[in-house]
Amino acid sequence: MLFMLFLITNSALITGYEDCFNNKPLKYHLIEKCHRSKLGIAAYANFTSITGCQRLGLEKRGLAINFSPPEAREDDMDQYTCEVLRCAESEGGSSLVNDTRFDYYSLYARPIPIENATCVPATGMFHLLPNLLNYTEAARECMNLSGNLADIITEQRTEALAQVLANASVNEAFVGMTRHNTSVFRSDNGNSLDCTTYRAWAPGHPWRNFYEYDCMLITRQKTWKTTPCSSRRRALCELVPNGPYKRGSIFLSRNRTETLTQKNSTEISTAMALFK
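What the sequence shown shows, in mature numbering (1 follows the signal peptide of the UniProt record, and there is no 0), is residues -16 to -1, 1 to 260, in sequence order.
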């Protein structure tokens, strides 16, 4: 009987741990050869292979890396061969420059993060939806961006994402935590709030009415609130790292802008010529 109880208890613990670790392994994808990102560097080192650089990147929680392969290095090269970047390039690659010594890799390869995505170093890429939506609508909009409503299960994430709201002068927003006829909140990726002892409930929360107040908000004051899923709020999407990369896609918006600029310039020149 005692042995059976031990097995049942251990089984429950294992199930609990499985609920806590549903995140898939991260991988850096080659974005563009002979290009280097000038975004902020979190760490750097010398490696002869991309494997070592990738390992350092994951250890330092970098969202992207620059790596100089042996065949591209110059004899007088005095830079480190591996640069771990705090953030990843968005559409347009505004900080990406031609550099034959380096190749640029990112966790975010397909799709490339939208141009106005917000980087939270060591955490991820996020997007604050501009319109007031209910939870279902917000979740759908995030999926259209290849993302989910944001996970705020840790103190670091809660504080960092509250700052995103503060910077945007937004008081509160939907995040990816819900409960269904139970007291347990789960994130959109399956993680249970029971996996951590950290709590950031605002005074009076969570509401005990499981049938109405079953969605969660994060506030700019670094607290959590419960709210009806039918209420209309701003929402914070977390973009999901994925790949592989479709070559050239990071520059599509840059190319469209340059084409439009050239077209407008041509039209202005033509109009001026007609008035001469």
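Positions of the beta carbon are idealized from the N, C-alpha and C atoms, including for glycine. Bear in mind that the values here come from a model prediction, so they are computed numbers and not experimental data.
{"Check": "Same chain, Cβ closer than 8 Å to N239, neighbours up to 5 away in sequence not counted", "Outcome": "Only weak support is given to the placement of N239: the predicted model assigns it a pLDDT of 49, under 50, and the question is left unresolved by the model."}
{"Check": "Distance between N165 and E16 (C-alpha atoms, nearest Å)", "Outcome": "48 Å"}
{"Check": "Cβ-Cβ distance between I202 and A157 below 8 Å", "Outcome": "yes"}
{"Check": "Burial state of T181 (16 or more Cβ within 10 Å)", "Outcome": "exposed"}
{"Check": "Three-state secondary structure assigned by DSSP to residue 285", "Outcome": "Here the chain comprises residues numbered -16 to 260, so residue 285 is not present and cannot be evaluated."}
{"Check": "Reduced DSSP category for N239 - H, G, I as helix; E, B as strand; rest coil", "Outcome": "Low local confidence applies: a pLDDT of 49 at N239 is under 50, so the model's placement there is unreliable, with the coordinate-based value given in what follows. DSSP places N239 in helix when its eight states are reduced to three."}
{"Check": "Assigned secondary structure, N151 (DSSP; H/G/I helix, E/B strand, else coil)", "Outcome": "helix"}
{"Check": "Helix, strand or coil at E43 [DSSP, three-state]", "Outcome": "helix"}
{"Check": "Whole-number beta carbon distance between A134 and G160, since they are thought to touch under 8 Å", "Outcome": "6 Å"}
{"Check": "Integer Cβ distance of C103 from A72, believed to fall under 8 Å", "Outcome": "7 Å"}
{"Check": "CB of K11 within 8 Å of CB of G227, strictly", "Outcome": "yes"}
{"Check": "Residue from I234, E125, I49 and H13 with nearest C-alpha to G24", "Outcome": "I49"}
{"Check": "Backbone secondary structure at T166 - three-state DSSP", "Outcome": "coil"}
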